[in-house]
Amino acid sequence: MYEQHWQLADHPFENNSDPRFFFRSETHEAALLKMRYLIENNKGAGILAGGTGMGKTYVAGMLAADLPENFAPLVHIVFPQMSSAELLAYLAVELGADEQQICGAGLDVIVRRIQQQLAAANERGQQPVILIDEAHTIDDPSVFATLRLLLNFQEQGHMKFTLIFLAQHSLLSRIRRLGELEERLTVNCLLQPFSFDETVAYIQHRLQAAGASEPVFDAESLETIFAESGGIPRKINRLADLALLVGYADDSRTISRPQAEAVAEEVAGLVSY
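Following UniProt numbering, the numbering of the sequence shown begins with 1 at its first residue and continues without gaps.
Rendered as structure tokens:
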């Protein structure tokens with residue numbers, strides 16, 4: 001709606017995983033570096049943790065896109081609220097096992113199929129990567145115990161694969177209580193909110209990626225957006241997107257502090273409601 005007014009070719013603040021809009025902040029770059037080290041050196045398992053809206057799935061997508069082709073298959077489990085048996089069955093099929101053979105099979109058969117698929121991938125020169133998104137929503141402790149046992153394949157069978165949990169911070173304390181699984185986590189990455197300078201650079205980067213050639217937000221409006229968002233990307237996106245809409249409705253040339261404050265009040269009202 002507002003693209004023509006701001007001379008944009010696209011919406012700059014969509015909450016999607018479009019690589020054009022990925023901003024390589026210090027915290028995201030550090031996470032990518034650590035995750036890549038984990039995978040390329042076959043270090044077992046790791047966790048990418050961050051609050052809601054920090055871009056964990058986005059970072060994982062960029063990581064997957066940057067990996068060499070031999071790091072495959074990539075299994076991205078988006079809905080992990082399954083029983084141990086369901087999770088293992090899903091994983092076996094995603095790794096290449098015959099779904100008909102897995103359906104209704106016992107755990108021993110499913111585990112054996114997973115082992116076979118991992119071995120076959122390694123023989124092809126591949127190293128599977130398993131991403132478990134929203135891992136903090138897993139309620140069944142036996143799921144974590146099962147995943148820990150899968151990591152035994154690395155030690156006992158010298159298999160190469162990587163397991164990465166994407167989760168909110170609450171998972172860290174739960175894993176600490178599990179003891180043996182915590183010992184298997186070689187890398188812990190914690191995504192931190194942006195600083196003010198990073199927030200400004202983030203907004204400018206996304207605007208430029210959308211085709212902007214002139215400044216859109218004045219300095220004071222940027223201060224407001226940072227203060228109200230706390231440097232959390234998803235909140236920045238929401239405030240900046242609505243500010244562009246308000247600026248379009250007001251026929252403004254740039255977004256001002258009063259407009260940013262009005263948007264922040266509106267968003268706060270929706271949240272409290």
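Glycine included, C-beta positions come from ideal geometry on N, C-alpha and C.
### Query
For the region 53-67 against the region 105-119, are there 3 or more C-beta pairs whose distance is under 8 Å?
no
### Counterpart residues of histidine 76 in DSSP-defined beta bridges
Along the sequence shown, read from residue 1 onward, the residue named residue 76 stands at position 76. Histidine 76 has Leu131 as its beta-bridge partners, per DSSP.
### Task
Give the DSSP-derived three-state secondary structure of asparagine 122 in the structure shown.
If you number the sequence shown from 1, residue 122 lands on position 122. The three-state reading of DSSP puts asparagine 122 in helix, counting H, G and I together.
### Message
Buried or exposed, going by whether 16 or more other CB atoms sit within 10 Å of the CB of serine 256?
### Response
Taking the sequence shown and counting its residues from 1, one reaches residue 256 at position 256. Buried.
### Query
What is the C-beta distance between alanine 212 and arginine 20, in whole angstroms, given that I count them as a contact (C-beta under 8 Å)?
What you label residue 212 is simply residue 212 of the sequence shown in a count that begins at 1. What you label residue 20 is simply residue 20 of the sequence shown in a count that begins at 1. Not a contact, Cβ separation roughly 13 Å.
### Message
Quick check on tyrosine 37: buried or exposed, where buried means 16 or more other Cβ atoms within 10 Å of its Cβ?
### Response
Counted from its first residue, the sequence shown places residue 37 at position 37. Result: exposed.
### Query
So, using beta-carbon positions, are methionine 35 and glycine 46 closer together than 8 Å?
Start at 1 with the first residue of the sequence shown, and residue 35 comes out as number 35. Start at 1 with the first residue of the sequence shown, and residue 46 comes out as number 46. Contact flag set, yes.
### Message
Looking at the secondary structure, which residues open and close the beta strand (DSSP E) in which valine 187 lies?
### Response
For the purposes of this step, residue 187 is taken as residue 187 along the sequence shown, with counting starting at 1. Per DSSP, valine 187 belongs to the beta strand (DSSP E) from 185-190.
### C-alpha distance - methionine 159 paired with leucine 149, whole-angstrom precision
Here the question's residue 159 lines up with position 159 in the sequence shown. Here the question's residue 149 lines up with position 149 in the sequence shown. One C-alpha to the other measures close to 13 Å.
### Query
For the beta strand (DSSP E) that phenylalanine 165 lies in, which residues bound it at each end?
Here residue 165 is taken as the residue at index 165 of the sequence shown, counted from 1. Where phenylalanine 165 is concerned, the enclosing beta strand (DSSP E) stretches over 162-167.
#### Entry: DSSP three-state assignment for methionine 62, whether helix, strand or coil
Along the sequence shown, read from residue 1 onward, the residue named residue 62 stands at position 62. Three-state result, methionine 62: helix.
### Message
Could you compute how far the alpha carbon of isoleucine 130 sits from the alpha carbon of leucine 151?
### Response
As a working note, residue 130 is residue 130 in the sequence shown. As a working note, residue 151 is residue 151 in the sequence shown. The alpha-carbon atoms of isoleucine 130 and leucine 151 are separated by roughly 11 Å.
### Task
Look at the alpha carbon of leucine 87 and the alpha carbon of valine 216, and state the distance between them as a whole number of angstroms.
By 1-based counting over the sequence shown, the position of residue 87 is 87. By 1-based counting over the sequence shown, the position of residue 216 is 216. Those two C-alpha atoms are separated by around 47 Å.
#### Entry: DSSP beta-bridge partners of alanine 49
Numbered from 1 along the sequence shown, position 49 holds the residue referred to as residue 49. Note: alanine 49 sits in a beta bridge opposite Ala167, Leu190.
### Message
Here's a check: name, in chain order, each residue in its chain whose Cβ is nearer than 7 Å to the Cβ of alanine 65, leaving out the five neighbours to either side.
### Response
By one-based count along the sequence shown, residue 65 stands at place 65. These residues qualify, in order along the chain: Pro19.
### Helix, strand or coil at isoleucine 232 according to DSSP, with G and I counted as helix
To locate residue 232, count along the sequence shown from 1; it is residue 232. Here isoleucine 232 sits in coil by DSSP.
### Message
Given this structure, state the Cα-to-Cα distance separating phenylalanine 144 from threonine 27, to the nearest angstrom.
### Response
Taking the first residue of the sequence shown as 1, we reach residue 144 at position 144. Taking the first residue of the sequence shown as 1, we reach residue 27 at position 27. Taking the straight line joining both Cα atoms gives about 27 Å.
### Query
Of all the options Gln154, Leu178, Ala9, Phe165, which has the alpha carbon lying nearest to the alpha carbon of histidine 136?
If you number the sequence shown from 1, residue 136 lands on position 136. Residue Phe165 holds the alpha-carbon nearest to the alpha-carbon of histidine 136 among Gln154, Leu178, Ala9, Phe165.
### Query
With 16 other CB atoms within 10 Å as the buried threshold, where does proline 68 fall?
The residue you call residue 68 lines up with position 68 of the sequence shown. Result: exposed.
#### Entry: Neighbourhood of glycine 231 by C-beta distance below 6 Å, restricted to the same chain and skipping five residues each side
Position 231 of the sequence shown, counted from the start, is the residue given in the question as residue 231. Closer than 6 Å at Cβ, skipping near neighbours: Pro193, Phe194, Thr199.
### Query
I think glycine 51 touches glutamine 168, with their Cβ atoms under 8 Å apart; what is that distance to the nearest whole Å?
Locating residue 51 in the sequence shown gives position 51, where the first residue counts as 1. Locating residue 168 in the sequence shown gives position 168, where the first residue counts as 1. Sure, about 6 Å apart at Cβ, within 8 Å.
### Task
In the DSSP assignment, find the unbroken alpha helix (DSSP H) run with histidine 205 in it and report its ends.
As a working mapping, residue 205 is identified with position 205 in the sequence shown. Its alpha helix (DSSP H) spans residues 196-209.
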